[in-house]
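The sequence shown runs 5 to 357 under the numbering used here.
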Amino acid sequence: MQEKLKGIQQEALRALEEVDSLDALDKWQTKYLGRSSALMDVFKSLASLSKEEKPLVGKAANQVKLALEKSSGEKAAQLEARRIQESLAGEKIDVTLPGRSITSGRLHPTTQTLREIYRIFGDMGFQIYRSQEVETDLVNFQLLNFPPHHPARDMQDTFFLKSERDRADNPLMMRTHTSPGQIHAMREHNRKYPEDPPPIRIILPGMCYRYEQITSRSEIQFNQVEGLAVGKGITFGDLKGTLSNFARRMFGQDVKTRFRASHFPFTEPSAEMDVGCFLCGGQGCSVCKGTGWLEILGCGMVHPVVLENGGFDPEVYSGFAFGMGPERITMMRHHIEDIRYFWANDLRFLEQF
Ligand code: PHE
Numbered sequence: 005m006q007e008k009l010k011g012i013q014q015e016a017l018r019a020l021e022e023v024d025s026l027d028a029l030d031k032w033q034t035k036y037l038g039r040s041s042a043l044m045d046v047f048k049s050l051a052s053l054s055k056e057e058k059p060l061v062g063k064a065a066n067q068v069k070l071a072l073e074k075s076s077g078e079k080a081a082q083l084e085a086r087r088i089q090e091s092l093a094g095e096k097i098d099v100t101l102p103g104r105s106i107t108s109g110r111l112h113p114t115t116q117t118l119r120e121i122y123r124i125f126g127d128m129g130f131q132i133y134r135s136q137e138v139e140t141d142l143v144n145f146q147l148l149n150f151p152p153h154h155p156a157r158d159m160q161d162t163f164f165l166k167s168e169r170d171r172a173d174n175p176l177m178m179r180t181h182t183s184p185g186q187i188h189a190m191r192e193h194n195r196k197y198p199e200d201p202p203p204i205r206i207i208l209p210g211m212c213y214r215y216e217q218i219t220s221r222s223e224i225q226f227n228q229v230e231g232l233a234v235g236k237g238i239t240f241g242d243l244k245g246t247l248s249n250f251a252r253r254m255f256g257q258d259v260k261t262r263f264r265a266s267h268f269p270f271t272e273p274s275a276e277m278d279v280g281c282f283l284c285g286g287q288g289c290s291v292c293k294g295t296g297w298l299e300i301l302g303c304g305m306v307h308p309v310v311l312e313n314g315g316f317d318p319e320v321y322s323g324f325a326f327g328m329g330p331e332r333i334t335m336m337r338h339h340i341e342d343i344r345y346f347w348a349n350d351l352r353f354l355e356q357f
């Protein structure tokens, strides 16, 4: 029996030497230590042995079992170490490779300009008033002192909407400018403060729509930022001071401004504000078309008819208004030659800002 055990051990150890994978080791264990292995048969046969033989064979069999378990444990550790080493070698990282940069989103250039405009007027005590994009002819034109057939209405070709509310004399339309918001804001303010309303100081940003030929200079959809101040004793001096201050904060402390007489039906007097070209410093370049000046906005004192339409007595109250195009300002600041880039969603354009 002792001989047989020695034979089992020798054969098992020889077989173990050839084991070279964890799978093979599994099979080896079943074969040499499993329930139906030769070694187990020896344990099973103990019962039939004599009293003298039993402890001797039992002890020897146990030693063989321990020896095989120890060797297979060592083999398992060896194979595991080799597996880890191989997988590490396969996943080797080349630390000299250039890194992959993370692409992060950014704000649209118009949004960046809008936020700067909000911040500057916010500092001066202006609040943001959001007005509607769908308007009526009444508010977009008539209450702003454009009578029906006024030639100024030709300036703004319009998208009209078909709807049940449509009336021939007051069709629904997309607003052509942010100025109709002036009427809504003044009326709302008067409803809120029926007696002796406090001054209004607001900017009205938002999208406007014009049914025009799309060119590098004009889009059918664009933003405007309207401004409105109404109160007692507001003068053209306040208008100039506010807008010059805005220009200095927006374009730099030493920017020059000039006001040119202009005409809008809803302001009287009316003006346009130019800033000295910040690209050529007034020398004349392609952006300012050689004039040294860039037109930034339209403005004026709120027309008495408009004040009245908003519910303010023009004998007691006065105000100023202005309107500017943030896309146009962005184009000037960044020397963008074509307004169509703003809506093209071309990342090569957007990623520059
Ligand atoms: N609404 C005018 C436009 O669209 C701009 C403007 C606003 C002019 C307010 C004067 C006062 O061109």
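We treat Cβ as the ideally placed atom computed from N, Cα and C, and that holds for glycine. This structure is a prediction, so every number in the text was calculated from the model and none was measured.
Among the options, which one has its Cα closest to the Cα of residue i?
i: Arg264; options: Thr239, Glu230, Gly302, Leu60; result: Gly302
i: Asn149; options: Ile333, Leu311, Tyr345, Asn249; result: Leu311
i: Lys8; options: Ala42, Gly38, Leu29, Trp32; result: Ala42
i: Asn174; options: Phe145, Gly185, Asp200; result: Phe145
i: Met128; options: Ile12, Ile300, Asp45, Arg205; result: Arg205
i: Ala71; options: Leu20, Leu83, Arg104, Pro59; result: Leu20
i: Lys236; options: Ser248, Arg39, Leu247, Pro201; result: Pro201
i: His181; options: Pro152, Ser167, Asn227; result: Asn227
i: Arg86; options: Phe125, Asp24, Arg104, Arg119; result: Asp24
i: Gly256; options: Ile187, Glu120, Val99; result: Glu120
i: Lys74; options: Lys48, Ala275, Phe164, Tyr36; result: Tyr36
i: Asp30; options: Val259, Cys281, Ser76, Ile106; result: Ser76
i: Gln217; options: Glu230, Glu199, Thr162; result: Thr162
i: Gln13; options: Val46, Asp98, Val68; result: Val68
i: His153; options: Ile124, Gln136, Gly241, Pro269; result: Pro269
i: Asn313; options: Leu243, Arg191, Cys284, Glu230; result: Arg191
i: Val229; options: Asp258, Leu118, Thr100; result: Leu118
i: Pro155; options: Asp317, Arg18, His267; result: His267
i: Leu243; options: Gly323, Gly329, Met211; result: Gly323
i: Glu84; options: Leu17, Leu26, Val143; result: Leu26
i: Arg157; options: Ser220, Asp141, Lys166; result: Asp141
i: Gly126; options: Thr100, Gly285, Phe250; result: Phe250
i: Arg262; options: Thr295, Tyr345, Glu95, Thr271; result: Thr295
i: Ser167; options: Trp32, Gln33, Val138; result: Val138
i: Lys48; options: Lys55, Gly62, Pro151; result: Gly62
i: Glu355; options: Arg252, Thr219, Arg110; result: Arg110
Residue range of the beta strand (DSSP E) that residue i falls in?
i: Val234; result: 225–235
i: Phe268; result: 261–268
i: Glu272; result: 271–280
i: Tyr213; result: 204–213
Would residue i be called buried (16 or more neighbouring beta carbons within 10 Å of its own) or exposed?
i: Arg332; result: buried
i: Ile238; result: buried
i: Ala172; result: exposed
i: His193; result: buried
i: Gly38; result: exposed
i: Asp278; result: buried
i: Met177; result: buried
i: Gln6; result: exposed
i: Gly11; result: exposed
i: Asp350; result: exposed
i: Ser135; result: buried
i: Gln287; result: exposed
i: Ile340; result: buried
i: Pro102; result: exposed
i: Lys55; result: exposed
i: Lys58; result: exposed
Specify, as a first and last residue, the run of the alpha helix (DSSP H) that residue i falls within.
i: Leu247; result: 240–255
i: Glu341; result: Element bounds for Glu341: n/a, residue is neither H nor E.
i: Ala51; result: Segment: none, Ala51 is in no alpha helix (DSSP H) and carries neither H nor E.
i: Arg191; result: 184–196
i: Asp27; result: 26–37
i: Gly7; result: Checking the sequence shown, residue 7 turns out to be Glu, not Gly. 6–22 is the span of the alpha helix (DSSP H), which, as asked, contains Glu7.
i: Leu354; result: 351–354
Hey, residue i and residue j: beta-carbon distance below 8 angstroms or not?
i: Val320; j: Val234; result: no
i: Pro209; j: Ile132; result: yes
i: Ser183; j: Gly327; result: yes
i: Pro273; j: Gly245; result: no
i: Leu247; j: Ala325; result: no
i: Met254; j: Leu298; result: no
i: Ser222; j: Ile300; result: no
i: Gly280; j: Lys293; result: no
i: Arg179; j: Tyr213; result: yes
i: Phe357; j: Pro113; result: yes
i: Ile187; j: Leu147; result: yes
i: Val46; j: Ala16; result: no
Using a C-beta cutoff of 8 angstroms, does residue i count as contacting chain C?
i: Gln136; result: This model lacks chain C altogether; it includes just one protein chain.
**Continuous beta strand (DSSP E) assignments of at least 3 residues falling wholly in the segment 289–322** = The qualifying runs are 297–306.
**Item:** Length at least 4, wholly inside the segment 94–175: the alpha helix (DSSP H) runs in chain order
**Value:** Contiguous alpha helix (DSSP H) elements confined to the segment 94–175 occur at 113–127, 141–144, taking only those with 4 or more residues.
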